[in-house]
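Have a look at the structure below, then the notes.
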Amino acid sequence: MKREKFSPLIATLAIISFLLGACGQATPAAETQAPANTQAAPVATEAPTAAPVPTDTPDPSGGVLTLGMGSEPETLDPGDAVYVQEQFVLISLFDSLLSEAPDASLHPGLAISWQPNTDYTEFSFKLRQDVKFHDGTPFTGKAVKASFDHIISQDVLESGGKTLLVDHKYSETVVTDDYNITVKFTAPYPTFLRDAARQWLSISSPAALEKYGKDYGRNPVGTGPFKFVKWDAQSQIVLERNPDYNWGPEFAAHQGPTYLDQVVFRILPEAATRLTALQTGELLIASEPPALDAIELSNSGQAVVKTFAQPGIPAIMMVNTEKEPTNDLNVRKAMILAINQDELVKTAFKELGIPSYSVLSPTTWSFDEKSANLYRFNLDEAGRLLDESGWKDSNGDGIREKNGQNLTLDYITSPIWEEAFNELLSGYLQKAGFEVKMRAMDDAGIASEAAAGKYSFLYMYWTRADPSPLRILFHSSNINGGSAYTRFANADLDKALADGDTQTDENVRKQDYVTAQKIIMENALVLPLFTVNTVYLMSPKVQNFSFDLEGYPWIYDISLTK
Amino acid sequence: MVNYLIRRLLTSVLVIFGISVLVFSIIHLVPGDAVSAMLGRQKVNAQTVAQLREQLGLNDPIPVQYGRYLSKALRGDLGESILNYVPVSKAISEQLPSTLALAFSALLLALMVGFVLGLMAALAHGTWLDTLAMGLSVSGLSIPTFWLGLLLILLFSVNLGWFPSISTGSSLAALVLPTLTLGLPEAAVVARMVRASMLDVLGKEYITAARAKGVPQAMVIMKHALRNALIPVVTFLGLQMAYLLGGSTIVETMFARQGIGRLAVQAISNRDYPMVQGVVLVTAIIYVLINTFTDITYTILNPRIRLK
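From first to last, the protein sequence lines are chains F and P.
No gaps in the numbering here: position 182 of the first sequence is 182 in my numbering, and each next residue is one more.
With positions in the second sequence counted from 1, the corresponding number in my numbering is that position plus 562.
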C-alpha cells in the first residue's frame, strides 16, 4: 500500500474509477441504444449466466452479502440518479417496465407486453397485476405516471432519466385503467423501450414519492428484489430481501425471492482498505481492487477475480483540435503513434489490462475494425510526421521546437490518477520529442479549464453497449457548453452522428457509426489508451455471480456457501 | 470567580462571532463567480444556476446576507448541501458523534497511558524505567499515524482477526483500532509532558519543605506535586483535543469510519460550500468551547489564576 493512497482525495483510486466523477459526461449514458437483438453481447470473461439448478424455494438462511464500493451515491431516487455508484444500488431496489438480458434482448419487467406506434412516439404497455411496492401499496399504471412525472418535475434538476425524457420530448403518461398505460412523446424515440429497461426510468412508489418529497432520495421505495433498510452516510447502505418478490426477469437464474437475506454496500473509498477488508472477511466482494494484489490473491486461491470489459467508448484522451500544437493533424497522429498501448496496459494493469486502438471498444455494436487498425506504435513514423510539420529538436534538449516555441502538451489531470500511469504516458510522448506539462487540479478545476478549452487533451470514457454517446462527445453542436472536447467541426461527422441517433433502420445506423469512427480516427481526434475493464474481487463463498448488460453485478441471483 | 467566568464566556462569544463572519466570507472569497465554481461539472443548466443564486441569496447586499446567515445559523439551520440537498445540520449531526467518540476515546487512552508512563519516568528518574518509558515515547512520537494504523490492521485484523479493519457502526470493537492509531502517538506526547512537568515541580523548594515536614511520599506526590504539575498538561490537553478532532480525518479515512473529517474533505473536493461552511463553523465552536472549558479548569487546579 502506498502512502499517497491515504489522501482522502483518492476517492476512487483506480484510474478506471477516476472518470466516474471526473468527466461529468463520462458516466452518465443518457442516450439511445440499438433496438434489440442486433448488438454484440458485451463480453464478460465469465459466461454471463452460469445457470445453477433453478429452484423456486431459495435457501432461507441466505446470509449477508457485504460489498465494498469506492464512491458513495448522491441519491437513491432513480429519477434523480446519474452516476455508476447509484445505478449499482438501484438495480437491486427497483424494477423497470422492461428488463434487458446480458445478451441485450428485451424481456417483460413490470410490463408483460408492449406496443409502440409506427413513428415511435407512443408506447402502450400492459402491466403485471401481482406486484406490490416495498411499502405494501399495489403497483398500478398510476405509479408509472407518477414516476415519469416526478423525473421531469422541478424536484429533479439534471439527471440521467430527465435527460432521456426531456431530450425526447416526453409529453405524458395516459393511464387507461390500472393495468394499461400509454407513454407519449412529441418526438420519435426509437430506443425508448431499451431505455425503459434501465435503472434511470425504473418505477417508484407514488405514495413514497409524496410522503418523502425532497427526502425521497434517502428513502427509496421500489418493487425490486431487495428493500431499502438504511443508509448511514459515508459508511454503508443496507438492503434486505423482499420476501414477496415473484416478478424477477425470465432470464434470471432463479425465480422468487433472493437467496440472500441482506446486502450491505460498504462505502470504502480506499482500494487498499477494500482489499484488506476482503482478506479479513469483512467484505465478500470488493469492487476495483488494486490490480496487482487482486492477481496475487486470485493466484493463491484466496479470492476469485471477475472482470467485465466495458463496451462503449474506451479510455481515451480527447485531443483539442483548436489549440496549438494539436491543431495540426500530423502532431495528433504522432501522439497516437508514440504510445505503445500494449506495453502501457501491461505495466499499469498487468494481466487485467486490455489495450485500445480506436474510439470504440471491440465489444460495442458497430465497432469498425478498419478504423482500429489505422495506427500502431511506431516512433520513427511519429518523428517523421513531426519533422514534416517543422517540429525539430535543434538545440539537442530532447524537446522539439518550431519558431522558438517548444512542442508542449498541456495535460490537466486529477490527483486521483495514479502517478505511475501519468509518468508512463508522458514518457512515451517525451520520447517522440514532446514536452508534457502536467497540471493537477480538482474536478471542478478540470471542468472550468475544459469549458474554456485550455488543455491539449482530456481523459474520457463512457460505458454503453451502443455507440450513441459518440454524438454527445463529437457532434459539433456540443463544442460550446457541451462535452465535444476535441472541438472539431465536420459536416460529415455531424451528419453521421445525428443520423445514427434517430434512424430506426439497423443497417443504416451501423453504417453511420462506421463512418463516424473512420472520420474520428483518420483525423486523429482521440488518443486511444485502454479498454476499461471492471474488476471485482470476491471470496470463494460467493456463488452465481454474474454481470448485467452494462457490467453491474447482478446480485439477485447470488447465493453464499456456508 | 463569577466575574472571571463571565469575562471568559463573553470572550468566547466574541470569538465565535468572528468565526461566523469568516465562515460566511468563504463564499465571497472564491475567485470568480461562486455559483459557477460551486457547480463545477455537476448536473446543471442555466435555470439551476439561477435557482442556486436565489437559494443562496447571492443577489442581496452582503450585510443582509450575513444577517440572514446568522439568524438561520442561530436557529440551527446551516443550509443544504448543494450535492444532494441534505440539510447541513443533519449531515453534521449524523457524522459528529462518531468523530467525538473517536477523539474522546483517543484522549482517554492518551491520558491513561501517558500518565502512567510519565509518572513512572519522573518518579524513577534516571533509572532503566525512565529510559524505557522515554524510549517508548520517542517511538510513539516518531511513528506516522497512517503507518501505525496499517500495522495495527495487519496484526489485529488480518493476522489475529480480533478487531474489524472497517470501523462501521457504533460497536466498541470497531472503535479499538482507530483509537489506538489516534491515541498512541498522543500518549507519547502526554508522557513527556507529565514527566517534564513532574520533574520540574519535584525540584521546587516547597516539595523539599513538605518532605522535610515528614509528609508521606504518596501525599507529596498526589497533593503537592501532581496538582501543580497538571496545569501545563491540562493546557496542552485542550489544544490536543482540537488536534485530535482534526487528526481524526486520516484515521477516519483509513478505517472508513464516519466522521466530520471525511465529511469536510468530501465537501471541499466537491466544492459543496454550505457543507464546508457548516463543518468549519461547528468545528470552530467546539474548539472555542474546549478552550473555554480548559481555562475554567485551571481556576480549579490553581486558584491564583482566577484572581488575575
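Even for Gly, the Cβ is constructed at its ideal location relative to N, Cα and C.
Remember, predicted model here, so these are calculated numbers, not experimental data.
Pull up the distance between the alpha-carbon of serine 124(F) and that of isoleucine 181(F), whole angstroms please. 6 Å
Using a Cβ cut-off of 8 Å (strictly closer), state whether glutamine 255(F) contacts chain B. Looking at the structure shown, chain B is missing, and the protein chains on hand are F and P.
Do serine 204(F) and valine 221(F) have their C-beta atoms closer together than 8 Å? yes
Do valine 763(P) and alanine 787(P) have their CB atoms nearer than 8 Å? yes
Can you find a CB in chain F that lies within less than 8 Å of the CB of tyrosine 647(P)? yes
Can you find at least 3 beta carbon pairs, one from the segment 793 to 806 of chain P and one from the segment 852 to 860 of chain P, that sit closer than 8 Å? yes
Which whole-angstrom value describes the C-beta separation of threonine 693(P) and glycine 823(P), a residue pair presumed to lie in contact below a C-beta threshold of 8 Å? With a Cβ gap of about 36 Å, threonine 693(P) and glycine 823(P) do not count as contacting.
Reference glycine 433(F); option with closest CA among Leu529(F), Ile446(F), Thr408(F): Thr408(F)
Just to confirm, are threonine 730(P) and valine 813(P) a CB contact at a threshold of 8 Å? no
Compute the Euclidean distance between the alpha carbons of arginine 569(P) and leucine 636(P), then round it to the nearest angstrom. 22 Å
If you draw a straight line from the C-alpha of leucine 792(P) to the C-alpha of alanine 772(P), how long is it? 18 Å
Would you kindly check if the distance between the Cβ of serine 733(P) and the Cβ of isoleucine 715(P) is under 8 Å? no
Assigned exposure category for alanine 143(F) - 16 Cβ within 10 Å defines buried: buried
Excluding the 5 residues preceding and the 5 following threonine 811(P) in the sequence, name in chain order all residues of the same chain whose CB lies nearer than 8 Å to its CB. Gly821, Gly823, Arg824, Ala826, Val827
Measure the alpha-carbon distance for aspartate 410(F) versus isoleucine 336(F) and round it to whole angstroms. 16 Å
Just reading off the alpha helix (DSSP H) that valine 174(F) is part of, what are its end residues? First-last for valine 174(F): 170 to 177, but that is the beta strand (DSSP E), not the alpha helix (DSSP H).
Element boundaries [beta strand (DSSP E), containing histidine 107(F)]: 106 to 108
Can you have a look at aspartate 209(F) and say buried or exposed, based on whether 16 or more other CB atoms are within 10 angstroms of its CB? Before going on, a small fix: residue 209(F) reads as leucine here, not aspartate. It is buried - the Cβ of leucine 209(F) has at least 16 other Cβ atoms within 10 Å.
Within this structure, are the beta carbons of leucine 379(F) and arginine 400(F) separated by less than 8 Å? no
At the level of alpha carbons, what is the spacing between proline 706(P) and serine 546(F)? 41 Å
Specify the secondary structure class of arginine 757(P) as computed by DSSP and reduced to three states. helix
May I ask which residues mark the beginning and end of the alpha helix (DSSP H) holding asparagine 853(P)? 835 to 863
Own chain partners of tyrosine 212(F) with C-beta closer than 6 Å, once the 5 adjacent residues on each side are dropped: Asn219
Mind pulling the chain P residues with CB within less than 9 Å of leucine 268(F)? Ile728, Ala818
Would a check of beta-carbon distances place alanine 286(F) closer than 8 Å to chain P? no
is_contact[alanine 196(F), chain P] using C-beta, thresh 8 Å: no
Which residues in the same chain as aspartate 548(F) place their Cβ atom closer than 8 Å to its Cβ, once the five residues preceding and following it in sequence are excluded? Ile91, Glu100, Pro102, Trp554
8 Å Cβ cutoff met for isoleucine 519(F) and asparagine 480(F): no
Does the distance from the C-beta atom of threonine 564(F) to that of serine 456(F) stay below 8 Å? Look at the range of chain F in this structure, 1 to 562, and you will see that residue 564(F) is not part of it.
Contact with chain P by alanine 271(F), beta-carbon distance below 8 Å: no
Quick one: what's got a C-beta closer than 8 Å to proline 243(F)'s C-beta in the same chain, skipping five residues either side? Pro257
Assuming the contact rule is C-beta atoms closer than 8 Å, threonine 276(F) and asparagine 533(F) should be a hit. Round their C-beta distance to whole Å, please. Incorrect: roughly 22 Å between the Cβ atoms, too far for contact.
Mind pulling the chain P residues with CB within less than 7 Å of glutamate 74(F)? Leu645, Asn646
Does the segment 522 to 541 of chain F come close enough to the segment 486 to 502 of chain F to have 3 or more Cβ pairs within less than 8 Å? yes
To the nearest angstrom, report how far apart alanine 818(P) and proline 649(P) are at their CA atoms. 22 Å
By how many angstroms is the C-alpha of leucine 65(F) removed from the C-alpha of asparagine 246(F)? 21 Å
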